[in-house]
Amino acid sequence: MTPATGASPLAGRRVLLIVGGGIAAVKAPDLVRRLRERGAAVRCVLTRAGHEFTTPLALSSLSEDRVFTDLFDLTDESEMGHIQLSRQADIVLVAPATANLMGRMAAGLAPDLAATLLLATDKPVMIAPAMNVRMWLHPATQRNLALLRGDGVLVAGPNEGSMACGEFGPGRMAEPLEIVAALEAHFGAEPQSRPLQGLRALVTSGPTHEPIDPVRYIANRSSGKQGHAIAASLAAAGAEVVLVSGPTAQPDPAGVQVVRIETARQMLAACQAALPADIAICAAAVADWRVATEAGEKLKKENGAGPPSLSFAENPDILATLSGMSQGRPGLVVGFAAETEKVIEHAIAKRRRKGCDWIVANDVSPATGTFGGDNNSVTLISDGEPESWPPLSKAEVATRLVQRIAARMGSGGQGA
Ligand code: C5P
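Using my numbering, the letters of the sequence shown map in sequence onto residues 25 to 440.
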């Protein structure tokens, strides 16, 4: 087993990993391996249902520790043993967290070893939900999720994607490395892993919805994946982050204050309310126009007048507004440029026009699959030569961008 990588905030931490039942439990051994690589001690608890998908032997070999299971331990451990087990850890991680397990946690029920430990612990708890998309979206699960968040439970994922059951949507367990990153963000109190400690960051993400009438709106295809990943990376680097987000299916990043809005004007107001900020990153796909006069009642086709003609008014440009502030301008303002052709040329012009310090240019022509996808090919436009990065996941783009921001802020660079 590779020892601690030194820099990881997980080095020397004790993780109690509860492996619930679900196909995502097959990723549990890899999760144990990743945690151990970073120097964490991992002790596993395997639920009865979890046995169907992974084995105590796989988990004990990788964790180099005994694995606790419902099948034996409830009978051969004293109640005190369970309590100690849940308190000897620095964090309790539930991965995968099934709908059933979340329900038991939210209700405070303790019919088995895993639920007993979760009820008995006085340590932070993080869950990585994994379930069918309908189960995830069911009001009961969302209600339980809200209750658990209210209880201070940390949540990593789930991701959106195709599922083992053949459906598509949110409910896939976060990847082991994403769970590791969420744990590192939680434990990352060491100054070297939190280069943005003490700084405030504002991030916009997702689309805006511009109403036509009470039931219809104009929107775009932004998934919010890139903006949310940036907010998560800034928080992991120690910044105090406000994420102003249009409607998206993305889970709230751990440790980030999320302000939900619908329209561009609401987004601008929320951004202004979040100031002052040291860093502003505008990753939202803001609608350029809104319908000039929103109808108070639903537009009807029965009145015989044919299709309505809509007239448009220009929305405020949030990036340009923040960049142009004469007082209290964030020290570093970063915009995005989604282009389908002449990407770098257009992005350089956009940087000048908007007055921001950096532009992250990305090619969103349909062939790239950037919109809604997990990967991104970007070029960073700053004062120097345009810098093209290799194709990366959106999480990796976020990490790299935050490293660049940390270097810039660390060198005393404030703005253009
Ligand atoms: O002008 P365009 O929409 O291509 O510019 C993209 C950049 O400007 C992105 O950073 C986006 O978040 C920002 N933007 C904004 N407010 C608008 C339009 C775009 O902040 N109304």
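From the three backbone atoms N, C-alpha and C, an ideal C-beta is built for every residue, glycine too.
_Residue interval of the alpha helix (DSSP H) (run including Asp-54)_ = 52-61
_Whole-angstrom C-beta distance between Ala-419 and Glu-202, which should lie under 8 Å_ = 7 Å
*Residues near the ligand C5P, criterion Cβ-heavy atom distance below 5 Å*: Cys-306, Ala-308, Val-310, Asn-339, Asp-341, Ile-342, Leu-343, Gly-359, Phe-360
*Assign Arg-62 to one of two classes, buried (16 or more other C-beta atoms within 10 Å of its C-beta) or exposed (fewer than that).*
buried
*Which two residues bound the contiguous alpha helix (DSSP H) that contains Thr-345?*
342-347
_Residue burial classification, Asp-381 (beta-carbon count within 10 angstroms, cutoff 16)_ = buried
*asked:* Check whether the stretch 260-280 and the stretch 325-339 are in contact - that is, three or more C-beta pairs closer than 8 Å.
replied: no
_Buried/exposed call for Lys-322, threshold 16 Cβ in 10 Å_ = exposed
*Helix or strand or just coil, what does DSSP make of Gly-330?*
coil
*For Thr-364, is the classification buried or exposed, using 16 other Cβ atoms within 10 angstroms of its Cβ as the cut-off for buried?*
exposed
*Under a three-way DSSP split, which group does Val-421 fall into?*
helix
*Based on Cα-Cα distance, which residue from Ala-319, Ala-307, Ala-130 lies nearest to Arg-167?*
Ala-130
*How would you call Thr-145, buried or exposed, if buried means at least 16 neighbouring beta carbons within 10 angstroms?*
buried
*Going by alpha carbons, who is nearest to Val-310 out of Asp-114, Gly-195, Ile-342, Pro-33?*
Ile-342
*Roughly how many whole angstroms lie between the Cα atoms of Ala-225 and Leu-258?*
7 Å
_Which of helix, strand or coil DSSP assigns to Val-280_ = coil
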